[in-house]
Amino acid sequence: MTKSIVRILFLPLLASVALSYQTDTYETAQYSNTKNDTDTTLQPVSESLYPILTDAINKGIASFYQEQITLIQYPSQGSLKWYYQNMNGIFNEGTFNYISARVQPSEDSKYLASLSHAGGFPNAYSNLLNNIYYNTGETEQLTDSIPQGRWALYQLTENTCNPTNANGGMKTINPNTGAISDSFQVAYTILNSIDQLRTELKNNRKSIKIEIKINNPNPINVQIITCNETTTDSILYCLPDSITSLLLPFNAGTMENGILGMEYYGVTMFNILPKKWESESNTGWYNGFPIADAVKNTNPKNKGYHFAVTPKYNLGLLKDGGDFGFITNLLICDSLVSTFSDLEEPVLKENPNTLTPSNLFRGNRTSNENVVINLKESIFPKLSVPILEQTATVIGGTFCFPGAEKVTP
Amino acid sequence: MKSSTKEMENVATLVANSQTGGDEFYAELQKKAQDAVASIFKSPLYPIQYPSQGDFLWNWQNMNNDFNESTYNYINSVVAPGDITNTAKLGSPGSFPNAYVQILNSIMYSLNTKDQGQLDQATKNASTQGGTVVSDYQTCYGNISAEEMEKVKVKTKLDYIIGYIFGSVWSGKEAAGESPISYTQMTEARNLKKLLPNRPASSDQVISDVSIYLNIMSPVNALQDALQNGSWILTSLKDCTEFPTKKNGGIKTVNPNTGVISDKFNVGYSINKSKQEISNDLQNKGRTIEIKMETHSASGSEMNVHIEGQTGFSVGSWLKFGISGGGSYDMSKAEGTSTDCSVSMKWEGYAMIPMGPAAWQQATEKGWYYADPISQAVANAEKDISGFKFVIKPTFNMDTFKNGGNFGMLNNLLIANYPTVEITYQNANFKKFKESWEEHASGNLTLFGFIKLGSFSQGVYKSSFKESSDNSSFKVTFSASDAIVSVPELQQSAYAIGGAVTNPGA
Chain A
1 MTKSIVRILF
11 LPLLASVALS
21 YQTDTYETAQ
31 YSNTKNDTDT
41 TLQPVSESLY
51 PILTDAINKG
61 IASFYQEQIT
71 LIQYPSQGSL
81 KWYYQNMNGI
91 FNEGTFNYIS
101 ARVQPSEDSK
111 YLASLSHAGG
121 FPNAYSNLLN
131 NIYYNTGETE
141 QLTDSIPQGR
151 WALYQLTENT
161 CNPTNANGGM
171 KTINPNTGAI
181 SDSFQVAYTI
191 LNSIDQLRTE
201 LKNNRKSIKI
211 EIKINNPNPI
221 NVQIITCNET
231 TTDSILYCLP
241 DSITSLLLPF
251 NAGTMENGIL
261 GMEYYGVTMF
271 NILPKKWESE
281 SNTGWYNGFP
291 IADAVKNTNP
301 KNKGYHFAVT
311 PKYNLGLLKD
321 GGDFGFITNL
331 LICDSLVSTF
341 SDLEEPVLKE
351 NPNTLTPSNL
361 FRGNRTSNEN
371 VVINLKESIF
381 PKLSVPILEQ
391 TATVIGGTFC
401 FPGAEKVTP
Chain B
1 MKSSTKEMEN
11 VATLVANSQT
21 GGDEFYAELQ
31 KKAQDAVASI
41 FKSPLYPIQY
51 PSQGDFLWNW
61 QNMNNDFNES
71 TYNYINSVVA
81 PGDITNTAKL
91 GSPGSFPNAY
101 VQILNSIMYS
111 LNTKDQGQLD
121 QATKNASTQG
131 GTVVSDYQTC
141 YGNISAEEME
151 KVKVKTKLDY
161 IIGYIFGSVW
171 SGKEAAGESP
181 ISYTQMTEAR
191 NLKKLLPNRP
201 ASSDQVISDV
211 SIYLNIMSPV
221 NALQDALQNG
231 SWILTSLKDC
241 TEFPTKKNGG
251 IKTVNPNTGV
261 ISDKFNVGYS
271 INKSKQEISN
281 DLQNKGRTIE
291 IKMETHSASG
301 SEMNVHIEGQ
311 TGFSVGSWLK
321 FGISGGGSYD
331 MSKAEGTSTD
341 CSVSMKWEGY
351 AMIPMGPAAW
361 QQATEKGWYY
371 ADPISQAVAN
381 AEKDISGFKF
391 VIKPTFNMDT
401 FKNGGNFGML
411 NNLLIANYPT
421 VEITYQNANF
431 KKFKESWEEH
441 ASGNLTLFGF
451 IKLGSFSQGV
461 YKSSFKESSD
471 NSSFKVTFSA
481 SDAIVSVPEL
491 QQSAYAIGGA
501 VTNPGA
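Chains A and B supply the protein sequences, listed in that same order.
Residue 261 in the UniProt record's numbering sits at position 261 of the first sequence, and the numbers go up by one each step.
Residue 9 in the UniProt record's numbering sits at position 9 of the second sequence, and the numbers go up by one each step.
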C-alpha cells in the first residue's frame, strides 16, 4: 500500500471563547491554552484528527460536565453494556468486563488510550499489593502490635485476592446466559441510576455536533454545537509548518477542503468507582495509597510502603506512558453519526470516495454523496436486544493512575 | 548451490505472480474498511486471507447458549502476518490456546541477583530451621517428589510446604478456589493455626517449626510473597488453560451441522455482541463498503486492472465464477464477455464483532487468558530483573503485528454480507453471452486466481444480467444465492473483511 501523505500543514488557530485544560489529561490538549473571547492567537496542532476531535468534544461537554476525556480505542469487550445490573441488583458481567480493564497507552496513536482485557486492573493491583511491604521505621519496631500500615496492606490484599460477601465483594450475572457467578468478584459502584442512564441515552436533544471545516489555505474551523442547536464554540486551528492537509486516522487519506461532521446523540457520563476500602468495616478493596507511597519512597529505610521488587508497570500518568490506570468515567452516547461534505473539488487528494459516511452502530447512509443523516434509530433497534446486552457507544473516558496520585492514607 | 538459488528465485517469482493484484486489492479493502468504522474503532484493521476455516459463522450460539463450534474454530486461531502486505492469516483451529500453553510453560517467575542473594542469605541463616521443617513434614506426610514441586512451580521442598501446603491446601484457599495466603500474612498471624482451618491431625509440630522459620525469614518475606504470587499466577493460568471446566470458565461447543454438543469443556471465548445486534447491523444495508475496478486489454492474453483509479497491474484472468456442479466461467474470456469492463464490489450491511478469550481473573480464578506475565517476560528478556522470564526462548515473534509478530489473536472482526459484484461490459457481445450463460447456476467467485469471495458447497453467488441499449454493452450482477440465504441458523455465514489483532507479548 503506498501512502504519500506526510505533508505537514501550517494553518492558524483561533479560539473565540475561554478554554481551560488540565495538563494531565493526556496529550490531546497539548495545543490548548487558557484563552478569552478575544484571543485570536493561532497555534499549531498535530496533523492528526484525534487531538482536534478530543478538544472539540471536551469543549462540547463543558456545559454538562467538568471532566476532560481522552478518546478510547474500541476494545475486545466491544461497546459498554450500560444496563449494569439486573432487577435484583446483581452486577452485569459485561459491564464489569469493560470497567475493570487496565488503562494503558495505545500502540497506534499517542492521542488514544487502550484497554486491556477484562479484569486487567484488579489483576495488576493485586500483583502490586503482593509486591509491597510496609517498613515500620525504628520507633514502631519496638511495639508489640501490628502497625496500622501493615495491617491495612494485609486487609487490602486479602479483600482484593479473596473477595467475599462479608468484605464487600459482589457476584455478577452473565448477560448472555443469565447465570449468576458462584464466586465473588471485587466490587465496583456505578453512581448513575439505570433510569437516569436510560433517560439520558434516549434524549436526542442532549447532543454534541462537531463540524471540522477544512478549507485550505484557510484555518481549520471547528464548530461545536450542543443541544438546541446552539453554537457553543468556534475554534480555528492551524497545523504545523508545511502541512497542507489534515491526516485522517489510519491512512484513510488526507483532506484539504471539506467538512467532517461528528454528531453524538444522547450523551451522558457513566460514573465508575472501584469499591473503596473502608478500614472501620474492613470492606471494599481499592486504596491507592500503598502504591503511591511505594512509588514515592525510593529510600528503603523510609517509614512507609515499599516495593519488594521493581514493579513491571509504568506507574506514571497516561501521557508519560503510564499503563496502570483504571476508568473513572466513560462518556457514552446512544448513537453517533459521522458525515462528510465537500466544499469544492477535489475534496480528497488521493481518492474522492475515500471518506464515506460512517457509523459503526446506528444511523443510515441515505445518499451516496455528502451529508447523510438518519437519526431515527435509538437504543431500541429492530430486533430487540436483551436489556443486559444493550450497549452504548463509548466516546472516551477519564482515568485514575494510582501510582501518580497525590493521596493520603 | 547456484542452481538451487536460481530455482528458489523462480519459485518466489511464481508465488509473486500467482498473487498479482493481492497487494492492491487488500490495500484498498483495508482503507475502505477503516474509513467505514474509523469514527468509533480507532484501530488498524487487517484484511484476513481466506482461511481453512472458511467464512465466519456469525450466529455464535444456539438457543441453549452452547457456543457454535465453527465460530469458535475461527476466533481461537493464532493470527500472523499474511503472505500479502498488510494482511493477516489465521492458524489452524485452537492454535492460539495451544501456543499460549507452550509459552506459559517456558516462563518462570524469578528474582534478580541482588534480590536472590538477599533471599539466599536469609535462607542460609534459617537453613537449619528449614531443614527441621522439611524433615518433620516428610516424617508425617511422606516424601515430596520433584513432580509435585514442578506441578506447583516451586523450586524447593520448603517452598512447597510453606507456599503451597500451608498457603493453599491447609489454609483451605485451594478448595475455595482462592489465591493462597502469603508468607507475610503467615508471619504476622498472631496464631498461625487460625489461618489453617484445613490442617490435618498431628500437624502441630510442623506448624510450630514453620512459625519459627518464618520469624527468622521475616526480613525477606516480601520477596517470598512476590515469588509465591508469580508462581501461583503461572500455575493457575496453566491449570485453567490445560484443564478447562465449568467452574473455571470453560465452555462446551455445538457442532453447527449435527447439533451435537461437545463432551468436554474447552477454554472459554466470548463474542461481546448479542446475536440480535449483529443481525440488526447486517440488515442495515444503508451502510456499505465499496471497491471499484476497471479492466482493459493489455498485450497478449493479459489484461490491465486498475483498482479505484490507481496504477494498474497485469493479470491473465481477474474473476472466475466456479459453478457448484463443476466447471467455471472466466469473466473476461467467457463467451460474449470482453476485457473492457468496470466493476463494483459492494458489501452492503456490515458489523463489527468484538471477541476475546475468557480473561483470567485473580479474584475468582476463572478464565485463562492473561497477557501480563507474557509481556513482562518479553520486556525482561535476559536482563537481571526480578519478575517473569523465559527459561526457554519462545519460537514465536512476540512483537506487535505491524512489526511481524506472529503470536496474535483477533480482538475484533469486521464482517459483512457477501459482496454484490456488478460487472458492466463494453465492446462485448450480449447475444453470444446470453446464449452460453447458465443463468440459474450458483457458484463461488475467485478474484485474481486466489482471493476467494466466500465459499459454500452449493455456491455463495447467483447471477443475473441486463442488456444495455446496444448489444455491445451489458451488465452481469452476482449476489448472494438463495441457498446461502436459507441455511440453518447456526450455519449463517458472513464475509470477514478484516480483523484487529492483539499480540500478548507486545
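All residues carry an ideal CB built from backbone N, CA and C; glycine is no exception.
With a cut-off of 8 Å, does the C-beta of residue i fall near any C-beta of chain A?
i, result
"residue 40 of chain B", "yes"
"residue 241 of chain B", "no"
"residue 422 of chain B", "no"
"residue 160 of chain B", "no"
"residue 363 of chain B", "yes"
"residue 49 of chain B", "no"
"residue 489 of chain B", "no"
"residue 412 of chain B", "yes"
"residue 483 of chain B", "no"
Counting only beta-carbon separations shorter than 8 Å, does residue i have a partner in chain B?
i, result
"residue 201 of chain A", "no"
"residue 333 of chain A", "no"
"residue 133 of chain A", "yes"
"residue 154 of chain A", "yes"
"residue 62 of chain A", "no"
"residue 105 of chain A", "no"
"residue 309 of chain A", "yes"
"residue 301 of chain A", "no"
"residue 398 of chain A", "no"
"residue 392 of chain A", "no"
"residue 267 of chain A", "no"
"residue 32 of chain A", "The predicted position of residue 32 of chain A is uncertain, since its pLDDT is 36 and thus under 50; no value can be drawn from it."
"residue 143 of chain A", "Residue placement at residue 143 of chain A is flagged as unreliable, the pLDDT there being 47, under the threshold of 50; the coordinate-derived value follows with that caveat. Not an interface residue."
"residue 336 of chain A", "yes"
"residue 404 of chain A", "no"
"residue 71 of chain A", "yes"
"residue 176 of chain A", "yes"
"residue 48 of chain A", "no"
Residue i: buried (16+ other C-beta within 10 angstroms of its C-beta) or exposed?
i, result
"residue 325 of chain A", "buried"
"residue 384 of chain B", "exposed"
"residue 577 of chain B", "As displayed, chain B neither begins before 1 nor continues past 506, which places residue 577 of chain B out of reach and without an answer."
"residue 503 of chain B", "buried"
"residue 105 of chain B", "exposed"
"residue 87 of chain A", "exposed"
"residue 374 of chain B", "buried"
Report the neighbours of residue i on chain A: residues whose CB is nearer than 7 Å to its CB, in chain order.
i, result
"residue 382 of chain B", "Those within 7 Å of residue 382 of chain B in chain A number zero; the least Cβ separation is about 16 Å."
"residue 369 of chain B", "117"
"residue 400 of chain B", "107"
Whole-angstrom Cβ separation of residue i and residue j, contact assumed at under 8 Å?
i, j, result
"residue 272 of chain B", "residue 94 of chain A", "7 Å"
"residue 32 of chain B", "residue 291 of chain B", "6 Å"
"residue 179 of chain B", "residue 173 of chain B", "6 Å"
"residue 195 of chain B", "residue 109 of chain B", "Between residue 109 of chain B and residue 195 of chain B the Cβ distance is about 23 Å, and since that is not below 8 Å, they are no contact."
Quick one: list the residues of chain B neighbouring residue i, beta-carbon separation under 9 Å, in chain order.
i, result
"residue 150 of chain A", "184, 188"
"residue 112 of chain A", "42, 43"
Would residue i and residue j be called neighbours here (beta carbons separated by less than 8 Å)?
i, j, result
"residue 415 of chain B", "residue 56 of chain B", "yes"
"residue 67 of chain A", "residue 393 of chain A", "no"
"residue 413 of chain B", "residue 353 of chain B", "yes"
"residue 491 of chain B", "residue 256 of chain B", "yes"
"residue 185 of chain A", "residue 88 of chain B", "no"
"residue 81 of chain B", "residue 404 of chain B", "yes"
"residue 430 of chain A", "residue 389 of chain A", "Examination of residue 430 of chain A is not possible in this model, given that chain A is present from 1 through 409 alone."
"residue 90 of chain A", "residue 208 of chain A", "no"
What does residue i touch in chain C if you count any residue whose Cβ is under 7 Å from its own?
i, result
"residue 279 of chain B", "You won't find chain C in this structure, because its protein chains are A and B."
Strictly below 9 Å CB to CB, what residues from chain A border residue i?
i, result
"residue 354 of chain B", "74, 75, 76, 77, 78, 79"
"residue 502 of chain B", "76, 117"
Compute every distance between the C-beta of residue i and the non-hydrogen atoms of the ligand SAM, then say whether any falls below 7 Å.
i, result
"residue 481 of chain B", "Within the structure as shown, the ligand SAM is missing, as the structure has no ligands at all."
What does residue i touch in chain B if you count any residue whose Cβ is under 8 Å from its own?
i, result
"residue 108 of chain A", "42, 43, 44"
In chain A, which residues lie with their C-beta within 8 Å of the C-beta of residue i?
i, result
"residue 57 of chain B", "By Cβ distance, chain A contributes nothing, its closest Cβ being about 17 Å from residue 57 of chain B, past 8 Å."
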